[in-house]
Amino acid sequence: MNSIYDAIIVGGGVIGGSIAFQLAKRGKKVLLLEKDRLASKASGAAAGMLGAQAELDADNPLFTLASRSRGMFPALSKELKDISGIDIELVNKGMFKVALTDDQVAELKKMIKVQQDAGLEAEWLSTAEIRKTEPLLSDEIKGGMFIPGDGQVSATRLSLAFTKSAAALGVDIKEFVHVFDLRTENGYVKGVSTNIGEFSSENVIVASGAWSAFLLEKSGINLDTYPIKGECFSVLTDRPLLEKTIFSHGCYLVPKVGGRIIVGATVKANTFDQKVSMEGISTLIEKATQLLPAIKETEWEKTWAGIRPQTGDGLPYFGEHPAYKGLFIATGHFRNGILLSPITGVLIADIVEGKTNPEWSAFRLERSIQTQFS
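All residue numbers for the sequence shown refer to UniProt numbering, where the first residue is 1 and numbers rise by one.
Below is the structure:
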């Protein structure tokens, strides 16, 4: 078996799916390879928050990219549903980032000022003002930041909407295919070797999240990346307990359709162990109860963990391999993969087509591997 494609994507999560979708829209013959089930790793484990302002500082190079990506979701939601029939369950009700200590109050008020100075919508609300919208929140809350622009989607539905839409546009998708090596020749990528045979392409995109490093090591680079486990749990309610997502230090509560609330997430670095620990879940239960006492009366649903790809400086990597032409990399999104997926698909498709943009410079591979190929 040796089929020839315009591009091969390694990784069937939300990032790989978005890239496949964008390349297919540009008329490319694309193959997407996933070693497990589609969206079975970090993409399927995510809570789906679109927290551009809640998660990132306005002076972070990622902030502009994240804000632009967040703005793509309304049109993208309709486009994906029209093609795939999948509703990604986009919710645009805003988000509360709440404070539980005086230090957090000061931090959030400073954050609000910076964002307002940058022309963004954000405001401080007192505890009483927040509880007009969320009456069941704890009186331990000392107020918070209201971010009308931040929202949420179903992470799994978004990931599958990308891949199903890509398939509808002609992308070949193969699950349970392990890519164990890259085929290169005279400084050019030529394809991949897998457990079911070889596939040929002059463009290969590695978008395997925390697992990208294993394949990239074979190409001679070691990016400054490491895995972080995030444990979560969910509960079911007979009546709505929350209207908006609640984001706090070390815990978030995301209300979903059908009376479901997702609670996350722990941060455990340098492990690929996806087992859920009692310590992690008990810590989340304590923090969730502090925010929303009524959650104690809900019905337990399940626990899970996802392995997220983090980088040394907190910025993802986008770009072409310094030694092999046609080998592209998109990894290191940490817990912003869902949020960044729309813009990443467009950005990588542009890079594959040879387009450049100075705004991408902060995310170049060379910032951590320049000495390896100097």
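Cβ atoms here follow ideal geometry from the backbone N, Cα and C, with glycine treated the same way. Quick caveat, the model's predicted, so the values are computed rather than measured.
Check your understanding: Just to confirm, are A24 and G170 a CB contact at a threshold of 8 Å?
Key -> If you number the sequence shown from 1, residue 24 lands on position 24. If you number the sequence shown from 1, residue 170 lands on position 170. The answer is yes: Cβ separation under 8 Å.
Exercise for review: Find the nearest neighbour of K57 within the set E107, V179, W124, I338, judged by alpha-carbon distance.
Suggested key: Mapped onto the sequence shown, residue 57 falls at position 57. For the sequence presented, residue 57 should be read as Asp rather than Lys. Across the set E107, V179, W124, I338, the C-alpha of E107 shows the shortest separation from the C-alpha of D57.
Check your understanding: Going by the beta-carbon positions, is the gap between L38 and G12 smaller than 8 Å?
Key -> Mapped onto the sequence shown, residue 38 falls at position 38. Mapped onto the sequence shown, residue 12 falls at position 12. A contact, by the Cβ cut-off of 8 Å.
Point to revise | Anticipated Cβ contact below 8 Å, Y324 with T163, distance rounded | key: Residue mapping note: residue 324 aligns to position 324 of the sequence shown, counting from 1. Residue mapping note: residue 163 aligns to position 163 of the sequence shown, counting from 1. With 8 Å as the limit, Y324 and T163 do not qualify as a contact, their Cβ atoms being about 26 Å apart.
**Study point:** Range covered by the alpha helix (DSSP H) that runs through Q310
**Key:** Residue numbering aside, residue 310 sits at position 310 when the sequence shown is read from its first letter. Under the DSSP assignment, Q310 falls outside any alpha helix (DSSP H), being part of the beta strand (DSSP E) whose first and last residues are 299-311.
Check your understanding: Is the distance from the Cβ of G191 to the Cβ of E198 below 8 Å?
Key -> As a first step, residue 191 must be located in the sequence shown, where it is residue number 191. As a first step, residue 198 must be located in the sequence shown, where it is residue number 198. E198 sits close to G191, with the two beta carbons spaced by under 8 Å.
**Study point:** Bounding residues of the beta strand (DSSP E) (the contiguous stretch that carries M181)
**Key:** In the sequence shown, counting from the first residue as 1, residue 181 sits at position 181. The sequence given here places Asp at residue 181; Met does not occur at that position. DSSP places D181 in the uninterrupted beta strand (DSSP E) bounded by 179-185.
Review point. Who does M145 pair with in a DSSP beta bridge?
Key: Here the question's residue 145 lines up with position 145 in the sequence shown. Looking at the DSSP assignment, M145 forms a beta bridge with K97, W124.
Check your understanding: Does the distance from the C-beta atom of K229 to that of T283 stay below 8 Å?
Key -> Within the sequence shown, the letter at position 229 stands for residue 229. Within the sequence shown, the letter at position 283 stands for residue 283. Judged by beta-carbon spacing, T283 lies beyond the 8 Å limit of K229, meaning their Cβ atoms are not closer than that value.
Check your understanding: So, G144 versus K97, is the Cβ gap smaller than 8 Å?
Key -> As a working note, residue 144 is residue 144 in the sequence shown. As a working note, residue 97 is residue 97 in the sequence shown. The Cβ-Cβ distance between G144 and K97 falls below 8 Å.
Point to revise | R26 versus V10 - alpha carbon distance | key: By one-based count along the sequence shown, residue 26 stands at place 26. By one-based count along the sequence shown, residue 10 stands at place 10. So the two alpha carbons sit approximately 19 Å from each other.
Check your understanding: When we look at the beta-carbon of N195 and count the other beta-carbons within 10 Å, is it buried (16 or more) or exposed?
Key -> Here residue 195 corresponds to residue number 195 of the sequence shown, with the count starting at 1. For N195, the number of other beta carbons within 10 angstroms of its own is below 16, and it is reported as exposed.
**Study point:** Proximity below 8 Å, CB of I221 to CB of H321
**Key:** Counting from one through the sequence shown, the residue named residue 221 turns up at place 221. Counting from one through the sequence shown, the residue named residue 321 turns up at place 321. Against a cut-off of 8 Å, the Cβ pair of H321 and I221 comes out as a contact.
Practice item. Give every residue of the same chain whose Cβ lies closer than 6 Å to the Cβ of T156, excluding the five residues on either side of it in the sequence, and list them in chain order. Key: One-based indexing of the sequence shown puts residue 156 at position 156. Correct list, in chain order: A39, G44.
Point to revise | Top-ranked residue by Cα proximity to Y5, from G17, V14, S138, L31 | key: Mapped onto the sequence shown, residue 5 falls at position 5. Cα-wise, what sits closest to Y5 is L31.
Point to revise | 7 Å CB neighbourhood of I88 in its chain, flanking five on each side removed | key: The residue given as residue 88 occupies position 88 in the sequence shown. Here I88 has S77, L80, V153, S154, R157, L158, A161 as same chain residues with Cβ atoms under 7 Å from its own Cβ, once five neighbours each way along the sequence are excluded.
Point to revise | Own chain residues within Cβ distance below 7 Å of K93, not counting five before or after | key: Reading the sequence shown from its first residue, position 93 is the one you call residue 93. The beta carbon of K93 sits closer than 7 Å to those of G151, E243, K244, all from its chain and outside the five residues before and after it, given in chain order.
Exercise for review: Taking I173 as the reference, give the member of E121, E231, G16, V263 with the closest Cα.
Suggested key: Here residue 173 is taken as the residue at index 173 of the sequence shown, counted from 1. In this structure, G16 is the residue among E121, E231, G16, V263 with its C-alpha nearest to the C-alpha of I173.
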